[in-house]
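Residue numbers (our numbering): 1 to 122.
Glycine is no exception: its CB is placed at the ideal position from the N, C-alpha and C atoms.
Worksheet for the structure shown next.
In structure tokens:
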């Protein structure tokens, strides 16, 4: 597989490992209070009604980001050893794990779709 696909997977790994750190706009509660990262969630006052919800969301984003990065590393190994079916499986799993956050994270699904298109061309 080409070097640019390997580079894209490396970039996606780095990105997903930082999902909770870099974040994206998410709102909580009936007032739609924006809490855009784990750090912001942790900084909320203890009496903030939706603090726990925000913490849970961003902790889940952190865990999911870690899990997708681990699967991405498997895809990377497979690509470097020219094992395209194993890379496909690992990338599929990345986009599957990302599904709860896909609207915001936009990391693995576009990569997986581009990978599938490339495979179809060759």
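Worksheet item: With C-beta atoms as the reference, is residue 24 less than 7 angstroms away from residue 112?
Response: Sequence index remark: in the chain shown, residue 24 carries index 24 (1-based). Sequence index remark: in the chain shown, residue 112 carries index 112 (1-based). Cβ distance not < 7 angstroms, so residue 24 and residue 112 don't count as in contact.
Worksheet entry | Beta-bridge pairing of residue 28 - partner residues as DSSP gives them | Reading the chain shown from its first residue, position 28 is the one you call residue 28. Looking at the DSSP assignment, residue 28 forms a beta bridge with 33.
Fill in: Alpha-carbon to alpha-carbon, residue 76 and residue 8
Locating residue 8 in the chain shown gives position 8, where the first residue counts as 1. Locating residue 76 in the chain shown gives position 76, where the first residue counts as 1. About 10 angstroms.
Discussion item. Going by C-alpha to C-alpha distance, which of 14, 28, 29 sits closest to residue 22?
Written reply: For this step, residue 22 is matched to residue 22 along the chain shown. Shortest Cα-Cα distance from residue 22 to any of 14, 28, 29 involves 14.
Fill in: Touch test, the segment 47 to 61 against the segment 26 to 34, Cβ-Cβ under 8 angstroms, three pairs minimum
yes
Item to complete: Scan the segment 37 to 68 and note each continuous alpha helix (DSSP H) run of 4 residues or more that stays entirely inside, going in chain order.
Response: 38 to 43
Worksheet item: Going by alpha carbons, who is nearest to residue 62 out of 115, 6, 98?
Response: The residue you call residue 62 lines up with position 62 of the chain shown. Restricting attention to 115, 6, 98, the CA atom closest to the CA of residue 62 is found in 98.
Fill in: 7 angstroms Cβ cutoff met for residue 74 and residue 90
For the purposes of this step, residue 74 is taken as the residue at position 74 of the chain shown. For the purposes of this step, residue 90 is taken as the residue at position 90 of the chain shown. The Cβ atoms of residue 74 and residue 90 sit closer than 7 angstroms to each other.
Worksheet item: What's the call for residue 96, buried or exposed, on a 16-neighbour Cβ count within 10 Å?
Response: Position 96 of the chain shown, counting from 1, holds the residue named residue 96. That one is exposed.
Item to complete: Indicate the three-state DSSP secondary structure (helix, strand or coil) for residue 2 in the structure shown.
Response: Locating residue 2 in the chain shown gives position 2, counting from the first residue. Three-state result, residue 2: coil.
Worksheet item: Distance, Cα to Cα, residue 70 vs residue 92?
Response: If you number the chain shown from 1, residue 70 lands on position 70. If you number the chain shown from 1, residue 92 lands on position 92. Taking the straight line joining both Cα atoms gives about 13 angstroms.
Worksheet item: Are residue 35 and residue 12 touching if we call contact CB-CB under 7 angstroms?
Response: Locating residue 35 in the chain shown gives position 35, counting from the first residue. Locating residue 12 in the chain shown gives position 12, counting from the first residue. Cβ atoms of residue 35 and residue 12: not closer than 7 angstroms.
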